[in-house]
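Colleague: Residue numbers (this note's numbering): 2 to 396.
1. Let me confirm a value: residue 296 is counted as buried when at least 16 other C-beta atoms fall within 10 Å, else exposed. Which label applies?
2. Could you tell me if residue 284 is buried or exposed, where buried requires 16 or more neighbouring beta carbons within 10 angstroms of its beta carbon?
3. Kindly give me the distance between the Cβ atoms of residue 325 and residue 181, rounded to whole angstroms, as I take these residues to be in contact under 8 Å.
4. Going by alpha carbons, who is nearest to residue 210 out of 2, 277, 75?
5. Buried or exposed for residue 62, going by 16 or more other Cβ atoms inside 10 Å?
6. Where do the ends of the alpha helix (DSSP H) carrying residue 315 lie?
7. Apply the 10 Å Cβ neighbour rule to residue 236 and answer buried if 16 or more other Cβ atoms are within range, or exposed otherwise.
8. Using DSSP with H/G/I as helix, E/B as strand and the rest coil, what is residue 266?
9. Would you say the region 255-264 touches the region 305-314, given that touching needs at least three Cβ pairs under 8 Å?
10. Could you tell me the boundaries of the alpha helix (DSSP H) in which residue 88 lies?
11. For the alpha helix (DSSP H) that residue 287 lies in, which residues bound it at each end?
12. Leaving out the 5 sequence neighbours to the left and right, which residues in its chain are closer than 7 Å to residue 93 when beta-carbon positions are compared?
13. Applying the criterion that 16 or more other CB atoms from any shown protein chain within 10 Å of the CB defines a buried residue, is residue 29 buried or exposed?
14. By the DSSP assignment, the alpha helix (DSSP H) with residue 353 in it spans what residues?
15. When the distance is taken between beta carbons, is residue 73 closer than 8 Å to residue 10?
16. Determine contact between the region 157-168 and the region 35-52, defined as no fewer than three beta-carbon pairs at a distance below 8 Å.
17. Thinking just about the alpha-carbon of each residue, which of 69, 251, 89 is nearest to the one in residue 460?
18. Can you tell me which of the three DSSP states residue 343 falls into?
19. Between the Cα of residue 299 and those of 241, 222, 375, spot the shortest distance and give me the residue it belongs to.
20. Would you check if there are 3 or more beta carbon pairs closer than 8 Å linking the region 42-52 to the region 95-103?
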């Protein structure tokens with residue numbers, strides 16, 4: 002049941018992406034407006050990641066995940082009425098969806114990881130928790146935009162039915178989690194809730210030197226692949242823009258799922274090999290995105306999505322595996338929350354580039370982004386075998 006909860010929350014979190022062009026054309030929002038909507042759920046995401054993880058350590062995984070599912074439903078309801086209620090409802094809906102995604106990423110990842118340990122699943126291999134949680138969330142991130150694009154293209158009103166379908170899928174999952182999901186966090190300990198908000202493991206030198214420089218690029222790469230690149234080539238798409246954006250979104254995220262077994266094989270407890278490989282791919286993908294924006298070719302957009310999708314998939318798993326080695330059991334949900342909060346900082350990149358587009362061209366900005374990404378690659382590589390904590394935790 003935690004798996005299903007992560008899937009439907011991921012669906013709700015990303016179904017908005019292919020609808021950006023619909024909000025521009027049908028509701029008259031500017032490019033900056035729709036990119037602000039895209040990143041608005043970061044406002045809900047940060048408390049969802051950081052507070053929810055500590056709260057779940059205090060009261061248990063199940064009640065906090067239930068709250069996340071409720072936030073996901075309420076967010077979709079607010080977005081469904083946004084066509085009538087306007088900017089405020091859309092912004093609020095995106096923030097609520099952000100809370101839900103934050104819960105899924107921190108609490109859901111910790112919950113699935115705990116259920117993937119031998120005490121709960123004797124067949125689980127080391128690292129299974131990181132792979133399972135990442136795949137479940139990513140599949141939801143891919144299914145949501147695919148369904149939303151198809152519904153928006155062939156249903157009316159276009160900005161209603163995608164959210165109605167998501168609510169219809171999520172409510173039964175909420176009921177099942179409430180009724181039958183196993184609780185893994187039975188020992189609450191003596192720490193007060195406010196003390197649990199502290200995550201000492203976030204100061205671990207390996208986290209700071211290897212994981213931190215990589216984390217924002219996880220969703221920065223995804224945002225470029227399916228928000229910036231489609232906008233850069235939209236002049237060649239005509240009426241196909243909605244479906245093309247959805248196709249790039251699905252291609253990026255499905256590639257991210259398919260490469261995750263490779264990420265597990267690349268992972269090395271004695272080095273940062275997997276993280277550095279992901280960052281090299283990330284830098285290459287950003288450079289290709291700059292070239293695509295320069296020539297305005299939809300054909301080039303496809304390899305950009307595939308390269309950035311591969312980088313995303315390897316990065317998210319390799320980062321989680323590092324987190325699980327660094328964290329103690331009491332820190333796992335908290336450090337996972339910090340990790341994903343840093344990762345989602347990258348989702349603000351499309352809004353930042355849209356705001357700067359009044360002064361700079363998209364190809365030039367993406368070229369600078371590629372150089373910054375390469376610099377972060379070098380920083381992560383500098384921590385290759387440094388600050389290792391060999392007391393690895395099973396995940």
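Where a beta carbon is used, it is the ideal one built from N, C-alpha and C, also for glycine.
Modeller: This is what the structure gives:
1. Start at 1 with the first residue of the chain shown, and residue 296 comes out as number 295. Answer is exposed; the Cβ neighbour count stays below 16.
2. To locate residue 284, count along the chain shown from 1; it is residue 283. Buried, by the Cβ-count rule.
3. Stepping through the chain shown from its first residue, residue 325 is reached at position 324. Stepping through the chain shown from its first residue, residue 181 is reached at position 180. The Cβ separation is near 26 Å, so there is no contact.
4. As a first step, residue 210 is located in the chain shown; it is residue number 209 there, counting from the start. With distances taken between Cα atoms, residue 210 lies closest to 277.
5. As a working mapping, residue 62 is identified with position 61 in the chain shown. Label assigned to residue 62: buried.
6. Reading the chain shown from its first residue, position 314 is the one you call residue 315. Here the alpha helix (DSSP H) through residue 315 covers 299-327.
7. As a position in the chain shown, residue 236 is number 235, starting the count at 1. By the neighbour-count rule (16 or more Cβ atoms within 10 Å), residue 236 is not buried but exposed.
8. Residue mapping note: residue 266 aligns to position 265 of the chain shown, counting from 1. Correct three-state label for residue 266: helix.
9. yes
10. For the purposes of this step, residue 88 is taken as residue 87 along the chain shown, with counting starting at 1. First-last of the alpha helix (DSSP H) with residue 88: 88-104.
11. To locate residue 287, count along the chain shown from 1; it is residue 286. 274-296 is the span of the alpha helix (DSSP H), which, as asked, contains residue 287.
12. As a first step, residue 93 is located in the chain shown; it is residue number 92 there, counting from the start. Hits under 7 Å: 79.
13. Stepping through the chain shown from its first residue, residue 29 is reached at position 28. By the 10 Å Cβ count, residue 29 comes out exposed.
14. Residue 353 sits at position 352 when you count from the first residue of the chain shown. Residue 353 -> alpha helix (DSSP H) spans 350-357.
15. As a working mapping, residue 10 is identified with position 9 in the chain shown. As a working mapping, residue 73 is identified with position 72 in the chain shown. Yes, they are a contact pair.
16. no
17. Outside the displayed span of the chain (2 to 396) sits residue 460, for which this structure offers no information.
18. Taking the first residue of the chain shown as 1, we reach residue 343 at position 342. Residue 343: helix per DSSP, three-state reduction.
19. Residue numbering aside, residue 299 sits at position 298 when the chain shown is read from its first letter. Considering only alpha carbons, the answer is 241.
20. yes
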